[in-house]
Amino acid sequence: MNPVTAIKNGDQIIYEAIFNQYHSKLYYYVFSKTKSTFIAEEVTQLSFIKLWQFKTHLSEELCISIQLFRIAKTTLIDVLRKEAVIVKMQQTKPQPMLLTNHIDEDIYKKELQAKLYTAIYKLPAARRKIFQMSRVDGLSYKEIAEELSLSLKTVEHHIALALKQLRHFMTLSIIFICTFFM
0 MNPVTAIKNG
10 DQIIYEAIFN
20 QYHSKLYYYV
30 FSKTKSTFIA
40 EEVTQLSFIK
50 LWQFKTHLSE
60 ELCISIQLFR
70 IAKTTLIDVL
80 RKEAVIVKMQ
90 QTKPQPMLLT
100 NHIDEDIYKK
110 ELQAKLYTAI
120 YKLPAARRKI
130 FQMSRVDGLS
140 YKEIAEELSL
150 SLKTVEHHIA
160 LALKQLRHFM
170 TLSIIFICTF
180 FM
């Protein structure tokens, strides 16, 4: 039986044989590209994991080695991109903020928090209670429905309407605050 077909059918014995046959070749291929034992080990392991996870996508027209090395190449590219992003983030130093920016931010946050409390208070009593039970008390919709003797759909409906009202109110508040502070 073709090794690709066997792997596609979930044959673990053939998979182990492929692993044993190509592990060191794949490792040295990746190592030759990166000169890093860590990346070579990681990419080699990820390549074999992907080979098994996406075995149904293997092509029976291509031999297993071509497909395995193609998986390794794309995995290596992904790993190197992630590494580059991490290095770039580490090299980027945050700009020091001025004290006035911190004060403005604190005022802005407190103003938004006050607006949010006002918006919650303006909700109808039943909706406000259900919203607070969900978001403040951390109860699930099912627990709220049982405690208030309501259907689950009613609780979901109240939460959806509460969120819609709060979004609308907060959008208007943010626009107002931004025009005031800008």
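The sequence shown maps to residues 0 to 181 in numbering that gives the first Met the number 0.
The beta-carbon is built from N, C-alpha and C at its ideal position, and this holds for glycine as well.
Member of the options whose CA lies at the smallest distance from the CA of residue i
i, options, result
"I48", "R80, L147 and F68", "F68"
"A144", "L57, R134, E155 and D136", "E155"
"L57", "M169, M88 and G9", "G9"
"V78", "S35, N19, A125 and L147", "S35"
"F168", "M0, E142 and Q112", "Q112"
"Q164", "K108, Y116 and Y26", "Y116"
Short CB-CB distance (under 7 Å) between residue i and chain C
i, result
"L25", "Among the chains of the structure shown, chain C does not appear; only one protein chain is present."
Distance CB(residue i)-CB(residue j) smaller than 7 Å
i, j, result
"F130", "A161", "yes"
"Y140", "L151", "yes"
"S46", "I70", "yes"
"V29", "A39", "yes"
"E60", "T4", "no"
Beta-carbon contacts of residue i that lie in its chain and below 7 Å, excluding the five residues immediately before and after
i, result
"I76", "none"
"Y21", "S64 and L67"
For residue j and residue i, the rounded distance between their alpha carbons
i, j, result
"F53", "I13", "15 Å"
"R127", "I119", "6 Å"
"V42", "G137", "41 Å"
Cβ neighbours of residue i in the same chain (closer than 6 Å, five flanking residues each side left out)
i, result
"K81", "none"
Close Cβ partners of residue i (< 8 Å) along its chain, the five nearest in sequence each way excluded
i, result
"K7", "K54, T55, L57 and E59"
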